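According to the working numbering, the sequence shown is numbered sequentially starting from 6. The beta-carbon is built from N, C-alpha and C at its ideal position, and this holds for glycine as well. As the structure is a prediction and not an experimental result, all values here were calculated from the model. Working notes for the structure below.
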Amino acid sequence: MVLEAEKINTQAQETALELNEFYRDNYQRTMKLLTFMIIVCAILSAILAWISYDRQQPPYYAATITGIVTQMHSLSEPVVTSKFIMQWSALTTRRIYNLTFSNFQAQLNQVKDKFTQEGWEKMMAAITPLTSEITKSHLIVTSVVSGPVIIPVRMIVNGRFTWQAQMKLLVTYTSANQEIKRTLLVTMTVQRVPTLNAPQGIQVIDFSSVSAN
């Protein structure tokens, strides 16, 4: 009887040991599978996050009434280089300050498309003393940029990429009996606009000039 009892006890212990090993093996397999799934989920999440971040917006196009198709860019994108802004702002400024008393209104109107409505009004207000003197004294005004154009500010304002350009301008005022030279410091703020408003996608929104003598 004692031997049978010991035999039964031994079998019970072996059965318990086998069950423990079974549960232990299954637990280890489950943990390995769970760890593998966590790693896969982490990798997939990283891939999805990268795809969402790196995804490029599809290009958009606009057509003018003449049938010209142009690609549209976000107004927060510069589109043009700083060098282009320097050249463009210098040329625009020179055209403003190359006027004759007999035709200055038409000459100014030729650069009106370089300005937003607000920018145009500010520019006209800035040169009002000049146009008054041109009319009064029958002046011919010529100018040349006398130093490098600098861009001290490049930033996004209200969702639009914006540059501030500054330059020194040597202006010559010629009348029937005299010639006067003055140096001006011109500051203009150029901002991205829809290409439907301006083919190059930029216009002047602010303009000022002060004496630099």
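Quiz prompt | Residues of its chain near N163, where Cβ-Cβ distance is below 6 Å and the 5 sequence neighbours each way are ignored | solution = none
Quiz prompt | Touching by the beta-carbon criterion (3+ pairs, under 8 Å), the region 198 to 209 and the region 121 to 140 | solution = yes
Self-check item: Beta-carbon proximity list for V215, same chain, < 6 Å, skipping 5 on both sides
Solution: L190
Quiz item: DSSP three-state call for Q122: helix, strand or coil?
Solution: helix
Exercise. Please look up how many angstroms separate the CB atoms of N103 and T147, rounded, as I've assumed it's under 8 Å.
Key: 5 Å
Quiz prompt | Inter-residue Cα distance where the pair is E126 and N182 | solution = 32 Å
Exercise. Put L190 into one of helix, strand or coil per three-state DSSP.
Key: strand
Self-check item: Classification of M128 by the beta-carbon crowding that lies within 10 angstroms, buried from 16 upward
Solution: buried
Quiz prompt | Check whether M193 and S87 have beta carbons under 9 Å apart | solution = no
Quiz prompt | Cβ-Cβ distance between L80 and P204 below 9 Å | solution = no
Quiz item: With distances taken from CA atoms, which of Q112, A51, L53 and L144 is nearest T98?
Solution: Q112
Exercise. Taking all protein chains shown into account, decide if T188 is buried (16 or more other Cβ within 10 angstroms of its Cβ) or exposed.
Key: exposed
Quiz item: Which same chain residues, not among the five before or five after R100, have their C-beta less than 6 Å away from its C-beta?
Solution: V116
Quiz prompt | Identity of the residues DSSP links to V4 by a beta bridge | solution = It is not possible to answer for residue 4, since the shown part of the chain is limited to 6 through 218.
Quiz prompt | Straight-line Cα distance separating N202 from K141 | solution = 35 Å
Quiz item: If you draw a straight line from the C-alpha of R159 to the C-alpha of Q169, how long is it?
Solution: 7 Å
Quiz item: Once you ignore the five residues that flank A131 on each side, which residues in its own chain have a CB closer than 8 Å to its CB?
Solution: F212, S213 and S214
Exercise. Jot down the residue ranges of each uninterrupted beta strand (DSSP E) in the region 148 to 173, minimum 3 residues, whole runs only, in chain order.
Key: 155 to 162
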